[in-house]
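Chains as they are written, first to last, in the working numbering: chain A, 11 to 210; chain B, 11 to 210; chain C, 11 to 210.
Note that CB positions come from ideal geometry on N, CA and C, so glycine has one too.
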Amino acid sequence: MFHTLDIIGTIAFAISGVLVAISKKMDLFGILIIAFVTAIGGGTLRDLLIGNTPVSWMQDMTYTYVILITTVVTILSKSKIDYLRTSLLLFDTIGIGLYTVVGVEKGISAGLNPIICIALGTISACFGGVIRDILCNEIPVIFRKEIYATACILGGLCYFLIQNLPIDNNVVFIIAGSVVIITRLLAVKFKITLPTIYKD
Amino acid sequence: MFHTLDIIGTIAFAISGVLVAISKKMDLFGILIIAFVTAIGGGTLRDLLIGNTPVSWMQDMTYTYVILITTVVTILSKSKIDYLRTSLLLFDTIGIGLYTVVGVEKGISAGLNPIICIALGTISACFGGVIRDILCNEIPVIFRKEIYATACILGGLCYFLIQNLPIDNNVVFIIAGSVVIITRLLAVKFKITLPTIYKD
Amino acid sequence: MFHTLDIIGTIAFAISGVLVAISKKMDLFGILIIAFVTAIGGGTLRDLLIGNTPVSWMQDMTYTYVILITTVVTILSKSKIDYLRTSLLLFDTIGIGLYTVVGVEKGISAGLNPIICIALGTISACFGGVIRDILCNEIPVIFRKEIYATACILGGLCYFLIQNLPIDNNVVFIIAGSVVIITRLLAVKFKITLPTIYKD
């Protein structure tokens with residue numbers, strides 16, 4: 011199940027990359043690169059920071075094949091995708107939910123402090139979107155009004171709060187991931203934002 | 011003493027990140043990220059390049075706590091910070107002075123050529139500010155008119171010139187760091203800039 | 011011969027960095043940094059991704075000396091360089107041709123899948139130019155109309171197609187590199203571009 015959710019997250023991030031790249035009038039190759047970077051950027055930075063090299067997508071071809079297929083399918087069904095924006099938000103949110111928990115668990119395996127593990131989970135979930143936006147000359151998603159990385163941090167905190175309860179590890183995984191997903195969906199639905207400090 | 015100066019540098023960089031992020035109207039989370047990236051960016055790239063992973067801030071929680079506290083305190087005392095701009099330049103300059111020498115010494119420990127050690131020291135000192143500026147859509151600090159990285163290079167050169175003299179290693183550290191600090195402060199005070207090649 | 015071509019590639023990338031930095035009115039130090047980043051950026055990311063640290067340019071001083079000398083000579087002969095734009099395209103193209111094959115071979119040494127090796131070769135060839143353009147606030151070269159990374163991918167594919175033929179490894183290297191070079195030169199000459207998806 012772990013791997014299935016991971017693939018769904020990769021697909022969702024790849025789709026979001028394709029849509030942004032098309033809106034920027036990039037050529038086919040540019041679209042493919044943005045899809046790839048969005049899907050594997052966060053995991054790559056996570057692996058580099060903890061010294062897990064060659065990085066994951068170089069060792070497991072599944073990611074590459076999934077991204078290639080997703081890109082082709084998304085381009086071919088572009089005219090229908092516009093109706094899918096809501097599903098996309100859902101997929102994307104499932105993606106950051108999952109990537110957060112995967113990142114947290116990688117940090118635990120590397121013997122890191124819980125706070126660092128939560129940071130690592132957040133980096134895994136958010137960095138792909140940040141690179142996508144920098145390459146496309148947009149303000150990075152985590153700096154916009156919408157709650158994004160905050161949801162990942164809450165999910166990571168939840169993971170450590172319930173980790174020592176007498177429940178199965180898969181359940182911990184699902185609950186922590188769900189916290190990310192529900193937090194973000196509620197924030198988007200009710201337009202909840204974090205306060206800013208700036209005063210005119 | 012080494013660690014104390016290191017913490018002062020981290021605090022100074024975190025403050026500079028908070029101030030830039032506030033001026034960009036970022037939300038609380040964006041401010042925290044920019045503070046963090048500014049403070050640990052240079053050391054992280056240094057660690058990645060020489061293969062020292064997990065990177066330093068993942069192994070020593072002091073950095074994380076210091077940055078969190080600094081960010082909160084800076085936000086709470088924002089109205090007073092404006093009077094602190096001169097002190098900030100001083101702190102920031104102490105920061106690059108220290109990070110330069112720390113980077114040089116890490117390079118020596120890794121058995122690298124002196125020129126590479128100086129490059130590593132300069133990267134440690136400057137890269138946090140570069141990422142901060144890229145994320146905030148500003149021209150990176152090292153490419154602006156003001157002397158910045160040049161001061162780090164001079165400090166690094168000084169380190170190797172006096173390293174073999176019969177003086178204590180702590181003294182070498184202080185002298186080389188002071189060269190960075192004095193060079194930058196003099197350059198700012200007397201508006202010394204490097205020449206450009208561009209002709210209209 | 012391998013090393014000679016590698017140096018030619020490094021020189022070409024350094025020259026291209028100097029020219030872009032001058033056109034952005036950077037000071038002497040900014041020019042040097044952009045030259046350096048353009049020349050070693052791709053190889054550095056390649057080394058980080060496969061875990062080859064300290065990265066190559068930190069272990070072999072030849073790159074540093076070549077980049078320093080190239081930068082000085084290019085600045086001094088700036089007025090003549092304008093006549094060299096055509097040669098520059100040639101040098102730059104030789105550069106990506108060579109860096110592609112070097113990257114592919116590094117991937118093979120690390121025991122990676124052929125598709126990943128081709129990606130690694132393309133990253134080696136293109137990433138220096140991408141960082142140069144991001145630092146200079148330009149749209150990254152690989153996302154512009156001109157064929158660029160596509161030539162690298164074709165060269166990488168060619169490498170694996172002819173690799174098992176009964177020919178010398180040096181010949182495989184030359185043929186694959188030539189595919190990159192010829193593809194790009196033909197694409198520039200005949201203004202061949204990849205199609206885009208965007209419709210108004």
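Beta-carbon to beta-carbon, Y73 of chain B and T20 of chain B are separated by about 6 Å, close enough to satisfy the 8 Å threshold.
Runs of alpha helix (DSSP H) with 4 or more residues, each lying fully within the region 97-168 of chain C, are found at 124-145, listed in chain order. Neighbourhood of D143 of chain A in chain C, by CB distance below 7 Å: empty, with the nearest CB roughly 12 Å away.
With fewer than three CB-CB distances shorter than 8 Å, the region 156-165 of chain B does not count as touching the region 54-69 of chain B.
Within chain A, the residues N123, I125, I126, A129 have their CB atoms less than 9 Å from the CB of T74 of chain B, given in chain order. The Cβ-Cβ distance between G107 of chain A and S26 of chain A does not fall below 8 Å. Chain C places a beta carbon closer than 8 Å to that of L38 of chain A, counting this residue as a contact. Between A45 of chain A and I77 of chain A, the C-beta gap is smaller than 8 Å, which places the two residues in contact.
Taking L167 of chain C as the centre and dropping the five residues before and after it, the same chain places no C-beta closer than 6 Å to its C-beta. Counting along the chain, T72 of chain C sits inside the alpha helix (DSSP H) bounded by residues 72-86.
Residues of the region 48-82 of chain C with a C-beta less than 7 Å from any C-beta of chain A: L58, L59, I60, G61, listed in chain order. For F101 of chain C, same chain residues with a beta-carbon under 6 Å away, outside a window of 5 residues either side, are A22 in chain order. In the DSSP assignment, V182 of chain A falls within the alpha helix (DSSP H) that extends over 179-199. Boundaries of the alpha helix (DSSP H) around Q69 of chain C: 66-69. At least one beta carbon of chain A lies nearer than 8 Å to the beta carbon of A120 of chain C. By the Cβ neighbour-count rule, L196 of chain B is exposed, with fewer than 16 other Cβ atoms within 10 Å of its own. When only Cα atoms are considered, L38 of chain C and I202 of chain B end up about 13 Å apart. With a threshold of 8 Å between beta carbons, A45 of chain B makes no contact with chain C. G19 of chain B carries a helical assignment under DSSP once its states are collapsed to helix, strand and coil. Straight-line measurement puts the Cα of A186 of chain A at about 27 Å from the Cα of V82 of chain B. For A197 of chain A, not one C-beta of chain B is nearer than 8 Å to its own C-beta.
Closest in alpha carbon position to A31 of chain B, among B:Y109, B:T193, B:R142, is B:R142.
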